[in-house]
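Novice:
There are 4 protein chains.
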Amino acid sequence: MFQLDMKSGKSIYEQIIDNIKELIMTDVLAENTRLPSVRTLSRQLTINPNTVQKAFKELEREGYIFTVSGRGTFVGPKSSIKADPAQVKSALADVISAFKQLLYLGLSPEDARDMSVSAIDALIGSVGKEKGL
Amino acid sequence: MFQLDMKSGKSIYEQIIDNIKELIMTDVLAENTRLPSVRTLSRQLTINPNTVQKAFKELEREGYIFTVSGRGTFVGPKSSIKADPAQVKSALADVISAFKQLLYLGLSPEDARDMSVSAIDALIGSVGKEKGL
Amino acid sequence: MFQLDMKSGKSIYEQIIDNIKELIMTDVLAENTRLPSVRTLSRQLTINPNTVQKAFKELEREGYIFTVSGRGTFVGPKSSIKADPAQVKSALADVISAFKQLLYLGLSPEDARDMSVSAIDALIGSVGKEKGL
Amino acid sequence: MFQLDMKSGKSIYEQIIDNIKELIMTDVLAENTRLPSVRTLSRQLTINPNTVQKAFKELEREGYIFTVSGRGTFVGPKSSIKADPAQVKSALADVISAFKQLLYLGLSPEDARDMSVSAIDALIGSVGKEKGL
DNA sequence: GTGGTCTAGACCACT
DNA sequence: GTGGTCTAGACCACA
Numbered sequence: 001m002f003q004l005d006m007k008s009g010k011s012i013y014e015q016i017i018d019n020i021k022e023l024i025m026t027d028v029l030a031e032n033t034r035l036p037s038v039r040t041l042s043r044q045l046t047i048n049p050n051t052v053q054k055a056f057k058e059l060e061r062e063g064y065i066f067t068v069s070g071r072g073t074f075v076g077p078k079s080s081i082k083a084d085p086a087q088v089k090s091a092l093a094d095v096i097s098a099f100k101q102l103l104y105l106g107l108s109p110e111d112a113r114d115m116s117v118s119a120i121d122a123l124i125g126s127v128g129k130e131k132g133l
Numbered sequence: 134m135f136q137l138d139m140k141s142g143k144s145i146y147e148q149i150i151d152n153i154k155e156l157i158m159t160d161v162l163a164e165n166t167r168l169p170s171v172r173t174l175s176r177q178l179t180i181n182p183n184t185v186q187k188a189f190k191e192l193e194r195e196g197y198i199f200t201v202s203g204r205g206t207f208v209g210p211k212s213s214i215k216a217d218p219a220q221v222k223s224a225l226a227d228v229i230s231a232f233k234q235l236l237y238l239g240l241s242p243e244d245a246r247d248m249s250v251s252a253i254d255a256l257i258g259s260v261g262k263e264k265g266l
Numbered sequence: 267m268f269q270l271d272m273k274s275g276k277s278i279y280e281q282i283i284d285n286i287k288e289l290i291m292t293d294v295l296a297e298n299t300r301l302p303s304v305r306t307l308s309r310q311l312t313i314n315p316n317t318v319q320k321a322f323k324e325l326e327r328e329g330y331i332f333t334v335s336g337r338g339t340f341v342g343p344k345s346s347i348k349a350d351p352a353q354v355k356s357a358l359a360d361v362i363s364a365f366k367q368l369l370y371l372g373l374s375p376e377d378a379r380d381m382s383v384s385a386i387d388a389l390i391g392s393v394g395k396e397k398g399l
Numbered sequence: 400m401f402q403l404d405m406k407s408g409k410s411i412y413e414q415i416i417d418n419i420k421e422l423i424m425t426d427v428l429a430e431n432t433r434l435p436s437v438r439t440l441s442r443q444l445t446i447n448p449n450t451v452q453k454a455f456k457e458l459e460r461e462g463y464i465f466t467v468s469g470r471g472t473f474v475g476p477k478s479s480i481k482a483d484p485a486q487v488k489s490a491l492a493d494v495i496s497a498f499k500q501l502l503y504l505g506l507s508p509e510d511a512r513d514m515s516v517s518a519i520d521a522l523i524g525s526v527g528k529e530k531g532l
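Residue numbers (my numbering), protein chains in the order written: chain A, 1 to 133; chain B, 134 to 266; chain C, 267 to 399; chain D, 400 to 532.
This is the structure in structure tokens:
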């Protein structure tokens, strides 16, 4: 399904959430698709089941997936995703905060801007392609 | 000198680092300016001296400031800032990672892009103005 | 694992750094070996965990080890060691500075040179033997 | 007389001691030469007189200089320098310790040895020349 | 006064 | 259990 990067600094828990969000938002995992069980996924990633469980709980809370007791966990409708304005604000603040780091490293504002916009556009382009498949 | 935001998620020492980097990069703190002492700053921010110490050490490692034992801590020449290519790469990855969060919240790629670029341009504009004064 | 020398003049955390570097460079600690936890090592050496933490952080910054939060600290690949030319220059300056101290004590330059080279060769010989085993 | 390097990491106090020892051992300051007064030297170096005083006390304790009350401070006979075997041992240990740092940075033992011996020989050569003048 | 190091003990997120 | 951060208070060398 995906791979973890143990040395990335990000916690495993966040990596699972981000990876699954990405798979859902790019329609690789379509609505109502059944996700691997907590046990199966934890075995695949050779991590503790508790860690997977915690990530699934968070995804459910945010409306990305839903659970049917005894049947499994499924991808929810995109409409149910809770796009809290506060979360949008916070994510945008993170973009700016990361951008500032580029400036602090001594890059000119123009270089930093070009670099960032190019990277964003490359990302959007590739997502577009994936969706087209 | 600046204020801390206790609920920002960022750790205190990271906030100190970012704030001082910003003051240096915008020339509010000029080369050879003496920074407040570890004790003074910790009193102003009502935090523990060790926390300030940690931030100062990291800033010194990255070349923003230098220390003269028994005399104080001073703003270094901008040329000594260590702009490790790995750090640039990492900061750019953080921009992209934060941008992806916007997409995960359900925003269209176009909206997310516009929102981010606008915020970046607003930031660059304001920094430009500050330097111009 | 190793012993500390409380009267050596070197600070405790520097001794930890040097000892672990030595164990890694002589392959006593192989890549991916798990180091003792911060708490375990601090108990063994009867020092404060913060002091071990500080040493580990510095070793991580220099690329000798890497950390997986919640799992432990591990020996990194030797290729990731950051051999900053500035550090080489600084270490060489330290050799010369220590050598000058020998001259200041009244030794003839020839005696000081012989003494130093002999000690270096003895060191290289013993390291070679260890690696050969 | 000499210059201080505020950013060198070495304390001012040690720099004064090492500089004066060097001037004495290379016969730039001959026996019975009068040293600048504490006040004069502290003004020249723009540092606190206490710092110079402390350095002079240490030099006197090690037998490099002697004080005549009301007249000033003078270079002593080289024969009075206290070349404590313990100090020789300690200085040699510092040479080895600094040499090890070269190894820890990933240099081959041979490269590190060559580099160090060359630097030592260069130093001896230049000292020899100075003495010849 | 300054920064540098260390201890003792706490709380947190994550595995 | 693990590492990461923080507080409170101490002692040191140096200026």
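Ideal placement from N, C-alpha and C gives every residue a C-beta, glycine not left out.
(1) Name, please, each residue of chain D whose Cβ falls closer than 9 angstroms to the Cβ of F135 (chain B).
(2) By a C-beta neighbour count over all protein chains shown, 10 Å radius and 16 as the cutoff for buried, is T312 (chain C) buried or exposed?
(3) Please work out which residues of its chain come closer than 8 angstroms, Cβ to Cβ, to K21 (chain A), disregarding the five sequence neighbours upstream and downstream, and give them in chain order.
(4) Any idea which residues DSSP pairs F473 (chain D) with across the strands?
(5) Using Cβ-Cβ distances below 8 angstroms, what residues of the region 428-457 of chain D are close to chain B?
(6) Does DSSP put L440 (chain D) in a helix, a strand or coil?
(7) Let me check understanding here. Comparing Cα to Cα, which of D:S436, D:I415, D:R438, D:M424 lies closest to S478 (chain D)?
(8) Terminal residues of the continuous alpha helix (DSSP H) containing S97 (chain A)?
(9) If we cut at 7 angstroms on Cβ distances, does L133 (chain A) have a partner in chain B?
(10) Output the distance between the C-alpha atoms of V250 (chain B) and S223 (chain B), rounded to the nearest integer angstrom.
(11) Look up F56 (chain A) in the DSSP assignment and say whether it is helix, strand or coil.
(12) At 9 angstroms on the CB atoms, spell out the chain A contacts of P210 (chain B), in chain order.
(13) Taking Cβ positions only, does F207 (chain B) come closer than 7 angstroms to chain D?
(14) Please confirm whether P218 (chain B) has its beta-carbon closer than 7 angstroms to some beta-carbon of chain A.
(15) Taking 8 angstroms as the threshold, find out whether the region 1-21 of chain A comes into contact with the region 40-56 of chain A through three or more Cβ pairs.
(16) May I ask you to report which of helix, strand or coil DSSP gives Q15 (chain A)?
(17) Give the residues of chain D in contact with D271 (chain C), contact being defined as C-beta atoms less than 9 angstroms apart.
(18) Taking any Cβ of chain B, which residues in the region 98-115 of chain A have a Cβ under 9 angstroms from it, in chain order?
(19) Could you tell me whether any Cβ in chain D is nearer than 7 angstroms to the Cβ of D360 (chain C)?
(20) With a cut-off of 7 angstroms, does the C-beta of K89 (chain A) fall near any C-beta of chain B?
(21) Should the region 134-145 of chain B be called in touch with the region 237-257 of chain B, which here means at least 3 C-beta pairs below 8 angstroms?
(22) Near L23 (chain A), what residues of its chain come up, given a Cβ to Cβ distance below 7 angstroms and the 5 sequence neighbours on each side ignored?
(23) For L102 (chain A), collect the residues of the same chain with a Cβ closer than 6 angstroms to its Cβ; drop the 5 residues on either side in sequence, then sort them by chain order.
(24) Going along chain A in order, which residues have a C-beta closer than 7 angstroms to the C-beta of I257 (chain B)?
(25) Looking at V38 (chain A): is its Cβ nearer than 7 angstroms to the Cβ of V52 (chain A)?
(26) Examine chain A for any beta-carbon lying closer than 7 angstroms to the beta-carbon of I153 (chain B), and answer yes or no.
(27) Comparing alpha-carbon positions, which option in A:R43, A:Y104, A:S126, A:M115 lies nearest D160 (chain B)?
(28) Helix or strand or just coil, what does DSSP make of V117 (chain A)?
(29) Closest to I278 (chain C) by C-alpha separation, out of C:N298, C:L307, C:L301, would be which residue?
(30) State the CB to CB distance for the pair G540 (chain D) and L434 (chain D), rounded to an integer number of angstroms; the pair is presumed to be in contact (CB under 8 angstroms).
(31) Using only alpha-carbon positions, find the residue among C:D380, C:K348, C:I347, C:D350 that is nearest to L491 (chain D).
(32) Just to confirm my understanding: we take T166 (chain B), look at its own chain, exclude 5 residues before and 5 after, and list those with CB closer than 7 angstroms. What are they?
(33) Looking at chain C, is there any beta carbon in it that lies within less than 7 angstroms of the beta carbon of I464 (chain D)?
(34) Using three-state DSSP, classify G142 (chain B) as helix, strand or coil.
(35) Can you check whether the CB of A497 (chain D) is closer than 7 angstroms to the CB of A349 (chain C)?
Specialist: A quick look at the data gives this:
(1) Position 2 of the second sequence, counting from 1, holds the residue named residue 135 (chain B). Within 9 angstroms Cβ-Cβ: nothing; F135 (chain B) doesn't reach chain D, min ~26 angstroms.
(2) Numbered from its first residue, the third sequence carries residue 312 (chain C) at position 46. The residue in question, T312 (chain C), is exposed, as its Cβ has fewer than 16 Cβ neighbours within 10 Å.
(3) Residue mapping note: residue 21 (chain A) aligns to position 21 of the first sequence, counting from 1. Closer than 8 angstroms at the Cβ level, and outside the excluded window around K21 (chain A), lie L59, Y64.
(4) Within the fourth sequence, numbered from 1, the residue matching residue 473 (chain D) stands at position 74. In DSSP, F473 (chain D) forms a bridge with D:R433, D:F465.
(5) none
(6) Counted from its first residue, the fourth sequence places residue 440 (chain D) at position 41. Three-state result, L440 (chain D): helix.
(7) Taking the fourth sequence and counting its residues from 1, the one referred to as residue 478 (chain D) is at position 79. Checking every option, the nearest Cα to that of S478 (chain D) belongs to D:M424.
(8) Sequence index remark: in the first sequence, residue 97 (chain A) carries index 97 (1-based). Taken as a continuous stretch (DSSP letters only), the alpha helix (DSSP H) holding S97 (chain A) covers 85-104.
(9) Indexing the first sequence from 1 puts residue 133 (chain A) at position 133. Confidence is the limiting factor: at L133 (chain A) the pLDDT is only 48, short of 50, which leaves the residue's position unreliable, though a coordinate-based value still follows. It does not; no Cβ of chain B falls within 7 angstroms.
(10) Start at 1 with the first residue of the second sequence, and residue 250 (chain B) comes out as number 117. Start at 1 with the first residue of the second sequence, and residue 223 (chain B) comes out as number 90. Using only the alpha carbons, I get a separation of about 19 angstroms.
(11) Mapped onto the first sequence, residue 56 (chain A) falls at position 56. The DSSP-derived three-state label of F56 (chain A) is helix.
(12) Indexing the second sequence from 1 puts residue 210 (chain B) at position 77. The contacting residues do not exist; P210 (chain B) stays about 12 angstroms from chain A at best.
(13) Residue 207 (chain B) sits at position 74 when you count from the first residue of the second sequence. Taking Cβ atoms only, chain D never reaches closer than 7 angstroms to F207 (chain B), which makes this a no.
(14) On the second sequence, residue 218 (chain B) is found 85 positions in, with the first residue counted as 1. So no, P218 (chain B) is outside the interface.
(15) yes
(16) Counted from its first residue, the first sequence places residue 15 (chain A) at position 15. Of the three classes helix, strand and coil, the one that applies to Q15 (chain A) here is helix, per DSSP.
(17) Here residue 271 (chain C) refers to the residue found at position 5 when the third sequence is read from its first residue. Those within 9 angstroms of D271 (chain C) in chain D number zero; the least Cβ separation is about 11 angstroms.
(18) Cβ contacts with chain B come from A98, F99, K100, Q101, L102, L103, Y104, L105, G106, L107, P109, E110, A112, R113, M115.
(19) In the third sequence, counting from the first residue as 1, residue 360 (chain C) sits at position 94. Yes - at least one Cβ of chain D is within 7 angstroms of the one on D360 (chain C).
(20) Within the first sequence, the letter at position 89 stands for residue 89 (chain A). No, K89 (chain A) lies away from the interface with chain B (no Cβ there is under 7 angstroms from its Cβ).
(21) no
(22) Here residue 23 (chain A) is taken as the residue at index 23 of the first sequence, counted from 1. Result list for L23 (chain A): L29, in chain order.
(23) For the purposes of this step, residue 102 (chain A) is identified with residue 102 of the first sequence, where counting begins at 1. Cβ within range, chain order: A112.
(24) Working through the second sequence from its first residue, we reach residue 257 (chain B) at position 124. Chain A residues near I257 (chain B): P109, R113.
(25) Position 38 of the first sequence holds residue 38 (chain A). Position 52 of the first sequence holds residue 52 (chain A). Taking 7 angstroms as the Cβ cut-off, V38 (chain A) and V52 (chain A) qualify as a contacting pair.
(26) On the second sequence, position 20 is the one that residue 153 (chain B) refers to. For I153 (chain B), no Cβ of chain A is located within less than 7 angstroms of the residue's own Cβ.
(27) Here residue 160 (chain B) corresponds to residue number 27 of the second sequence, with the count starting at 1. Of the candidates A:R43, A:Y104, A:S126, A:M115, the one whose C-alpha sits nearest the C-alpha of D160 (chain B) is A:Y104.
(28) Looking up residue 117 (chain A) in the first sequence gives position 117. Looking at V117 (chain A) - three-state DSSP - the assignment turns out to be helix.
(29) Within the third sequence, the letter at position 12 stands for residue 278 (chain C). Looking at the Cα atoms, C:L307 is the closest of the given residues.
(30) Nothing can be reported for residue 540 (chain D): it is not among the residues displayed for chain D, which extend from 400 to 532.
(31) Start at 1 with the first residue of the fourth sequence, and residue 491 (chain D) comes out as number 92. Ranking the options by Cα distance to L491 (chain D), first place goes to C:D380.
(32) As a first step, residue 166 (chain B) must be located in the second sequence, where it is residue number 33. Result list for T166 (chain B): F207, V208, in chain order.
(33) Looking up residue 464 (chain D) in the fourth sequence gives position 65. With 7 angstroms as the cut-off, I464 (chain D) does not count as an interface residue toward chain C.
(34) Translated into the one-based positions of the second sequence, residue 142 (chain B) becomes position 9. G142 (chain B): coil per DSSP, three-state reduction.
(35) Locating residue 349 (chain C) in the third sequence gives position 83, counting from the first residue. Locating residue 497 (chain D) in the fourth sequence gives position 98, counting from the first residue. It is not a contact, given that the beta carbons lie outside the stated cut-off.
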